[in-house]
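Trainee: Numbering (numbering that gives the first Met the number 0), first residue to last: 0 to 131.
Can you read through this structure? Questions will come right after.
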Amino acid sequence: MAGVRKIVMEGQALLEVDYSGAKEAEMINYVLQAAEILKKEDKPLLIITIFGPNNYATPSFMRLVEEKLSEYEPLIIKQAIVGLSTTQKILLMGLNIFLQRNFKAFNSVEEGLHYLLDKSPETDLPDHFKKN
Numbered sequence: 000m001a002g003v004r005k006i007v008m009e010g011q012a013l014l015e016v017d018y019s020g021a022k023e024a025e026m027i028n029y030v031l032q033a034a035e036i037l038k039k040e041d042k043p044l045l046i047i048t049i050f051g052p053n054n055y056a057t058p059s060f061m062r063l064v065e066e067k068l069s070e071y072e073p074l075i076i077k078q079a080i081v082g083l084s085t086t087q088k089i090l091l092m093g094l095n096i097f098l099q100r101n102f103k104a105f106n107s108v109e110e111g112l113h114y115l116l117d118k119s120p121e122t123d124l125p126d127h128f129k130k131n
């Protein structure tokens with residue numbers, strides 16, 4: 000079901016942003032809703048983002064995502080992104096470099112949730128991304 004919601008799994012608070020079937024205007028609205036939840040909660044959360052096959056990362060959408068990710072970066076523990084096309088995965092690589100983050104793409108929601116709920120430290124984070 001498309002939309003934004005906060006869920007709790009294994010005692011961990013997660014923010015689910017599901018863009019499935021959404022057009023650009025709805026996707027932008029979901030980004031704003033997610034940002035509002037992060038602002039209201041004001042504590043670090045895990046985020047799972049779900050894309051469908053007909054979602055497109057338009058320039059307006061990507062600019063807003065970059066803006067909000069930069070603004071709320073300290074409140075994002077880890078982010079798993081599901082359902083990206085090859086092109087979208089390339090955009091994610093660029094976004095990771097730009098924001099110096101390590102958001103990860105997964106093929107299924109189950110894989111993404113497993114990654115988010117895994118408490119072991121990330122071992123594949125490039126040295127220049129590591130926080131001092």
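Ideal Cβ placement from N, Cα and C applies to all residues, glycine included.
#1: Report yes if the CB atom of Glu15 is closer than 9 Å to the CB atom of Ile27, and no otherwise.
#2: Tell whether a beta-carbon distance below 9 Å holds between Tyr71 and Ala34.
#3: Taking C-alpha atoms, which residue in Leu91, Asp17, Glu109, Glu110 lies nearest to Phe102?
#4: Ignoring anything shorter than 4 residues, give me the alpha helix (DSSP H) runs that lie fully in the stretch 10-81, in order along the chain.
#5: Just verifying my parser: in three-state terms, what is the DSSP assignment at Phe97?
#6: Would you kindly check if the distance between the Cβ of Val81 and the Cβ of Val30 is under 9 Å?
#7: Roughly how many whole angstroms lie between the Cα atoms of Leu74 and Thr85?
#8: Starting from Ala1 and walking both ways along the beta strand (DSSP E), at which residues does that stretch end?
#9: For Asn53, which residues in the same chain have their Cβ closer than 8 Å to its Cβ, ignoring the five residues on either side in sequence?
#10: Give a yes or no on whether the C-beta atoms belonging to Gln11 and Ala56 are separated by under 9 Å.
Mentor: This is what the structure holds:
#1: In this structure, Ile27 does not lie closer than 9 Å to Glu15 by Cβ.
#2: Cβ distance < 9 Å, so Tyr71 and Ala34 count as in contact.
#3: Cα-wise, what sits closest to Phe102 is Leu91.
#4: Counting only runs of 4 or more, we get 23-40, 58-71.
#5: Note: Phe97 maps to helix in three-state DSSP.
#6: Taking 9 Å as the Cβ cut-off, Val30 and Val81 do not qualify as a contacting pair.
#7: So the two alpha carbons sit approximately 28 Å from each other.
#8: Under the DSSP assignment, Ala1 falls outside any beta strand (DSSP E); it carries neither an H nor an E label.
#9: Answer for Asn53: Gly20, listed in chain order.
#10: For the 9 Å CB-CB criterion, Gln11 and Ala56 do not form a contact.
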